[in-house]
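Colleague: I have a structure I would like to understand better, so I am pasting it below and will then ask my questions one at a time.
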Amino acid sequence: MSPSPSAEIGPVRLSRSELRLPYRDVPSIEDSLALRGAAEAEWRRELAGHGEDHPAVRIARTRYEGCAMLAAMAASDRPTGCARVPVSVVSLGEVAWLHTPFELFASLGLRIRRGSPFRHTRVIGYTDGYLGYLPDADGHRDGVYESYVTLFGADAGDVLVAHCLELLRTHARR
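Be aware that the sequence shown starts at 14, since it is given in the working numbering, and climbs by one per residue.
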């Protein structure tokens with residue numbers, strides 16, 4: 014008779030918390046329109062030089078689309094103050110699932126996994142609502158699409174990672 018596979022031992026546990034994350038400052042409509050215009054000009058230059066299927070053209074186009082969304086945010090009523098961000102951990106033995114309402118940049122999820130006290134940690138997005146993209150500081154610096162359309166500033170990813178790691182550590186001690 015062959016040995017049966019081992020299973021995680023221990024009860025399923027749940028911890029929930031709420032993080033208050035400030036909404037970003039959106040540039041003025043004039044500044045946003047200027048960004049959109051510059052991004053559109055870059056996209057057209059790349060298109061003229063490479064053709065539609067070139068990676069540089071796709072990158073320039075998505076940057077333009079992000080700037081267009083930013084201009085739309087600047088022209089509309091946008092949230093102010095802080096978002097209430099639910100974060101939860103479900104664990105079974107040495108396995109933890111951390112849940113956030115974001116589409117996180119992979120670098121943020123990797124930082125959470127590396128800092129987790131659990132042997133196996135999975136970071137799950139799109140839970141308990143949806144608050145959009147959450148790029149890392151490099152994404153903001155590089156001006157990627159997600160940095161223009163996010164509701165949160167360049168430091169929000171670091172704030173979320175710190176909150177998630179503290180929740181994981183507290184949950185592991187319970």
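Glycine included, every Cβ here is placed at the ideal spot set by N, Cα and C.
1. In this structure, how does DSSP classify residue 75 when only helix, strand and coil are distinguished?
2. Apply the 10 Å Cβ neighbour rule to residue 163 and answer buried if 16 or more other Cβ atoms are within range, or exposed otherwise.
3. Is the separation between the beta-carbon of residue 190 and that of residue 184 shorter than 7 Å?
4. Leaving out five residues before and five after residue 81 in sequence, what residues of the same chain have Cβ atoms less than 6 Å from its Cβ?
5. DSSP state of residue 32, grouped into three classes?
6. Does residue 68 come out as helix, strand or coil in the three-state DSSP assignment?
7. Can you tell which of 135, 61, 170 and 59 has its C-alpha closest to the C-alpha of residue 105?
8. Is the beta carbon of residue 71 sitting closer than 7 Å to the one on residue 39?
9. In chain order, what residues of the same chain lie with their CB nearer than 6 Å to the CB of residue 79, ignoring the 5 residues before and after it?
10. Give me, in chain order, the residues of the same chain whose beta-carbon lies closer than 7 Å to that of residue 87; leave out the 5 immediate sequence neighbours on both sides.
11. Using the DSSP secondary-structure output, state which residues sit across from residue 134 in a beta bridge.
12. Excluding the 5 residues preceding and the 5 following residue 138 in the sequence, name in chain order all residues of the same chain whose CB lies nearer than 7 Å to its CB.
13. Within the continuous alpha helix (DSSP H) that includes residue 183, where are the two ends?
Modeller: With the given structure in hand:
1. When secondary structure is reduced to three states using DSSP, residue 75 falls in the helix class.
2. That one is buried.
3. The shown model of the chain, from 14 to 187, leaves out residue 190, and the question about it has no answer.
4. Only 49 meet the Cβ criterion.
5. It is a strand residue.
6. In the structure shown, residue 68 sits in a helix (DSSP, three-state: H, G or I).
7. Ranking 135, 61, 170 and 59 by Cα distance to residue 105 puts 135 first.
8. It is not a contact, given that the beta carbons lie outside the stated cut-off.
9. Only residues of its own chain outside the window of five on either side were considered, and among them 158, 161 and 162 have a CB closer than 6 Å to the CB of residue 79, listed in chain order.
10. For residue 87, where only same-chain residues beyond five positions count, the Cβ hits under 7 Å are 39, 40, 41, 42 and 45.
11. In the DSSP assignment, the residues bridged to residue 134 are 109.
12. Correct list, in chain order: 113, 115, 116 and 117.
13. From DSSP, the alpha helix (DSSP H) with residue 183 extends over 169-186.
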